[in-house]
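Visitor: Heads up: the sequence shown begins at 110 in our numbering, then just goes up one per residue. No residue lacks a Cβ here, since even glycine has one placed at the ideal position from N, Cα and C.
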Amino acid sequence: MQEGDWIWFDGKFVPWKEAEIHVLTHGLNYGTSIFEGIRAYETEDNSAVFRLDEHVDRFFESAVVAQLDLDVTRREVKDAIVETVAKNGLGDCYIRPIAWMSYGNLGVHAEVPVSFAVAAYPWGAYLGERVISEGAKAKIVSYIRPHPDSYPSGAKIGGSYFLSRLASNEARDEGYDEAIMLNHQGWVGEGSGENIFAVKDEVLYTPPFEANILPGITRKSLLQVGEDKGYETEEKLFKPKFLFDADEVFFCGTAVEVVGVVQIDDREVGDGTVGPITTEMRETYMDIVRGRREEYASWLTPVYETGDFPKRAVGVEVGE
Ligand code: PMP
């Protein structure tokens, strides 16, 4: 991990190495935390956070689902995110806002204070550079998305990612790059940290929320971009065979961005190379996040005063 200099921690910046918690923190013991994964990208003369409002909205939705009583406002969270990128003088970076049940009582039911922090640091290709050019090999793993009566898939809750880790480990142990998880009814869900699309006859298909997926912000953005490009798009429940018969499959998510899936289990997808619509969607996505598509400028929140990058932060007030 490439370290940054400062972490926003309960209302102030602390040096990276001093952002520490107690071993008996509730969130550490029981996974009672919520988080977001956001990226900022260098644009021509600035750095911009991609879809800040959507990420902060989902952060607050996760808090409701996890019954975490956040002690910060939306405005404070947004400002802390932008300020953390600026304070660290970053251009391209990954941003991790996190809130967790803190210290004071280890009863599972206990009420303890909720802490909030934001870190930002450079993080390159999530599945590696090879996967960007050659595509990913994915395995349909034995772990399934959580049954909706166990806990909701739609929230980014710390403890839920133990399942993602098991799924990803199963795939990696067998030589694959990433896992594909089905839901409890056998419908295709998503990757361990990505949503999935299948392309068939130039139609873009992706599983709906009923497949127990995380409502990905990249997924939502690509559905919009696909429509704007004139492609038909459909949120549709489908079984693994639909993926095997697809012309193209791709993963999308904040960390992974857009990458082709060229093999699933022991079968090639399409002709076994990253397909043309996947490439088009990836290139358009990268253009959008880098501010090269005027029509999507509202999806970007600039970090620095124009012309001052990376010297001075926009004067956002934290603590409103
Ligand atoms: N599914 C899971 C399980 C994830 O962890 C992520 C990453 N947040 C995604 C999908 C993609 O979501 P987003 O596009 O909002 O990053």
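#1: Quick one: what does DSSP say I322 is sitting in, helix, strand or coil?
#2: Could you tell me the alpha carbon to alpha carbon distance between A208 and D180, rounded to whole angstroms?
#3: Taking one C-beta from the segment 370-390 and one from the segment 239-258 each time, how about it: are there three or more such pairs within less than 8 Å?
#4: For M395, which option in P124, G339 and T152 has the closest C-alpha, if you only look at C-alpha atoms?
#5: Please classify F318: is it buried, with 16 or more other beta-carbons within 10 angstroms of its beta-carbon, or exposed?
#6: Please report how far the alpha carbon of V165 lies from the alpha carbon of G384, in whole angstroms.
#7: If distances are taken between C-alpha atoms only, which option among G298, F168 and G237 comes closest to P257?
#8: With a threshold of 16 other CB atoms inside 10 Å of the CB of P124, please say whether the residue is buried or exposed.
#9: Which term fits A219, buried or exposed, when burial requires 16 or more other beta carbons within 10 angstroms of its beta carbon?
#10: Please return the same chain residues whose Cβ sits closer than 8 Å to the Cβ of K121, not counting the five positions on each side in sequence.
#11: Are there any heavy atoms of the ligand PMP lying less than 7 Å away from the beta-carbon of I289, as far as the coordinates show?
#12: Taking E112 as the reference, give the member of K329, Y230, G339 and R399 with the closest Cα.
#13: Rank V194, F159, G379 and F271 by C-alpha distance to the C-alpha of G140 and give the top, closest one.
#14: Give every residue whose Cβ lies closer than 6 Å to any heavy atom of the ligand PMP, listed in chain order.
#15: Give a yes or no on whether the C-beta atoms belonging to V398 and Y235 are separated by under 8 Å.
#16: Where G200 and E192 are concerned, what is the direct C-alpha to C-alpha distance, given to the nearest angstrom?
#17: When you compare only the Cα positions, how much space is there between I322 and I253?
#18: Would you grab the beta carbon distance between G362 and T327 for me? Rounded to a whole angstrom, and I think it's under 8 Å.
#19: Is the number of C-beta pairs between the segment 168-178 and the segment 401-415 that are closer than 8 Å three or more?
#20: Around the Cβ of L215, are there at least 16 other Cβ atoms within 10 angstroms (buried) or fewer (exposed)?
#21: Taking C-alpha atoms, which residue in I204, V217 and A189 lies nearest to T134?
#22: For K265, count neighbouring C-beta atoms within 10 Å of its own C-beta (all shown protein chains included) and say buried if the count is 16 or more, exposed if not.
#23: Determine the DSSP secondary structure at V425, reduced to helix, strand or coil.
#24: Considering only their Cβ atoms, is the gap separating P316 from F360 smaller than 8 Å?
#25: With a 10 Å radius around its C-beta and 16 neighbouring C-beta atoms as the bar for buried, classify E404 as buried or exposed.
#26: I'd like to confirm something about P385: is its beta-carbon nearer than 7 Å to some heavy atom of the ligand NAD, or not?
#27: Within 10 Å of its beta-carbon, does S242 have 16 or more other beta-carbons around it, so buried, or fewer, so exposed?
#28: Cutting at 6 Å between CB atoms, please list the residues of its own chain near R148, excluding the five before and the five after it.
#29: Take V223 and list the residues in its own chain whose beta-carbon comes closer than 8 Å to its own, dropping the five residues that flank it on each side.
#30: What number of angstroms, rounded off, separates the C-alpha of P349 from the C-alpha of G284?
#31: In terms of residue numbering, what span does the alpha helix (DSSP H) encompassing R402 cover?
Guide: Concretely, from the data shown:
#1: What you label residue 322 is simply residue 213 of the sequence shown in a count that begins at 1. In the structure shown, I322 sits in coil (DSSP, three-state: anything other than H, G, I, E or B).
#2: The residue given as residue 208 occupies position 99 in the sequence shown. The residue given as residue 180 occupies position 71 in the sequence shown. Between A208 and D180, the C-alpha separation is close to 9 Å.
#3: Cβ pair count under 8 Å is three or more, so yes.
#4: For the purposes of this step, residue 395 is identified with residue 286 of the sequence shown, where counting begins at 1. The option with the nearest alpha carbon to M395 is T152.
#5: The residue given as residue 318 occupies position 209 in the sequence shown. Counting the other CB atoms within 10 Å of its CB gives F318 a total below 16, which places it among the exposed residues.
#6: The count along the sequence shown starts at 1 and reaches residue 165 at position 56. The count along the sequence shown starts at 1 and reaches residue 384 at position 275. Each residue's alpha carbon lies about 33 Å from the other.
#7: Residue numbering aside, residue 257 sits at position 148 when the sequence shown is read from its first letter. Out of G298, F168 and G237, G298 has the C-alpha closest to the C-alpha of P257.
#8: Translated into the one-based positions of the sequence shown, residue 124 becomes position 15. P124 is exposed by the Cβ-count criterion.
#9: Against the sequence shown, residue 219 aligns to sequence position 110. With fewer than 16 other Cβ atoms inside 10 Å of its own Cβ, A219 counts as exposed.
#10: Taking the first residue of the sequence shown as 1, we reach residue 121 at position 12. Cβ within range, chain order: n/a, list empty.
#11: Stepping through the sequence shown from its first residue, residue 289 is reached at position 180. No, the beta carbon of I289 sits no closer than 7 Å to any heavy atom of the ligand PMP.
#12: On the sequence shown, position 3 is the one that residue 112 refers to. The candidate whose alpha carbon is nearest that of E112 is Y230.
#13: Locating residue 140 in the sequence shown gives position 31, counting from the first residue. Closest option to G140, Cα to Cα, is F271.
#14: Output, sorted by chain position: G146, S273, E299, G302, E303, N304, L323, G325, I326, T327, R328, G362 and T363.
#15: Within the sequence shown, the letter at position 289 stands for residue 398. Within the sequence shown, the letter at position 126 stands for residue 235. In this structure, Y235 does not lie closer than 8 Å to V398 by Cβ.
#16: Within the sequence shown, numbered from 1, the residue matching residue 200 stands at position 91. Within the sequence shown, numbered from 1, the residue matching residue 192 stands at position 83. The alpha-carbon atoms of G200 and E192 are separated by roughly 13 Å.
#17: Counting from 1 along the sequence shown, the entry for residue 322 is found at position 213. Counting from 1 along the sequence shown, the entry for residue 253 is found at position 144. Going from the Cα of I322 to the Cα of I253 covers about 11 Å.
#18: Here the question's residue 362 lines up with position 253 in the sequence shown. Here the question's residue 327 lines up with position 218 in the sequence shown. About 5 Å; that satisfies the 8 Å criterion.
#19: In short, these stretches do not touch, since the Cβ pair count stays below three.
#20: For the purposes of this step, residue 215 is taken as residue 106 along the sequence shown, with counting starting at 1. Answer is exposed; the Cβ neighbour count stays below 16.
#21: Taking the sequence shown and counting its residues from 1, the one referred to as residue 134 is at position 25. Residue V217 is the option with its Cα nearest to T134.
#22: The sequence position of residue 265 within the sequence shown is 156, counting from 1. Buried, because 16 or more other Cβ atoms sit within 10 Å of the Cβ of K265.
#23: Here residue 425 is taken as the residue at index 316 of the sequence shown, counted from 1. The predicted model places V425 with a pLDDT of 44, which falls under 50 and marks its position as unreliable, so this point remains unresolved.
#24: Taking the first residue of the sequence shown as position 1, residue 360 is located at position 251. Taking the first residue of the sequence shown as position 1, residue 316 is located at position 207. Taking 8 Å as the Cβ cut-off, F360 and P316 do not qualify as a contacting pair.
#25: Here residue 404 is taken as the residue at index 295 of the sequence shown, counted from 1. By the 10 Å Cβ count, E404 comes out exposed.
#26: The model on display carries the ligand PMP but not the ligand NAD.
#27: By one-based count along the sequence shown, residue 242 stands at place 133. Answer is exposed; the Cβ neighbour count stays below 16.
#28: The residue you call residue 148 lines up with position 39 of the sequence shown. F159, Y203 and T363.
#29: Translated into the one-based positions of the sequence shown, residue 223 becomes position 114. The residues are L177, D178, L179, D180, A208, W209, M210 and S211.
#30: For the purposes of this step, residue 349 is identified with residue 240 of the sequence shown, where counting begins at 1. For the purposes of this step, residue 284 is identified with residue 175 of the sequence shown, where counting begins at 1. Taking the straight line from one Cα to the other gives about 20 Å.
#31: Taking the first residue of the sequence shown as 1, we reach residue 402 at position 293. Where R402 is concerned, there is no enclosing alpha helix (DSSP H), given that its DSSP letter is neither H nor E.
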